[in-house]
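Notes follow once the structure below has been shown.
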Amino acid sequence: MDLVGEDSLKKFAKKYQNARPALDRWLKLTKAAEWKSFQDVKATFPATDYIPQNQYCFDIGGNNYRLLTSISFQLGVVTIQDFMTHAEYSKRKLNSR
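Shown next as structure tokens:
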């Protein structure tokens with residue numbers, strides 16, 4: 196897959212040092228992937244959730260962090276949107292209800 200926003204991913208890794216190994220793993224597997232559907236994503240990362248409007252939430256670092264992306268399966272592009280701790284994600288989710 197092609198990746199848009201890889202620079203922001205590197206910034207996240209600097210901010211959240213504990214997440215660096217998991218982010219590096221996610222990056223390596225995602226770049227090597229050829230996802231054609233959400234089922235393909237789930238085969239690589241089983242804990243991924245679909246969020247309406249073509250967004251996907253990856254659990255990173257043993258469920259400690261959340262990586263939000265959008266994916267264009269037709270173009271083979273993953274766009275990084277946000278990265279946060281699980282607690283930040285839960286708070287954001289509650290505030291959006």
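Numbered per this note's numbering, the sequence shown spans residues 196 to 292. Ideal Cβ positions, reconstructed from N, Cα and C, are used throughout, including at glycine. As the structure is a computational prediction, the values presented were derived from the model and not from experiment.
Residue i classed as buried or exposed, judged by whether at least 16 other C-beta atoms fall within 10 angstroms
i, result
"A214", "buried"
"R261", "buried"
"G256", "buried"
"L218", "buried"
"I246", "exposed"
"D254", "buried"
"L204", "buried"
One or two residues paired with residue i in a DSSP bridge
i, result
"Y251", "Y245, T264"
"L198", "V273"
"F278", "L262"
Expected contact under 8 angstroms - CB spacing of residue i and residue j to nearest Å
i, j, result
"V273", "T225", "6 angstroms"
"I266", "Y251", "6 angstroms"
"A228", "T239", "6 angstroms"
"F278", "S232", "Not really, about 24 angstroms apart at Cβ, beyond 8 angstroms."
Local conformation of residue i per DSSP, three classes
i, result
"F240", "coil"
"L218", "helix"
"A227", "helix"
"S203", "helix"
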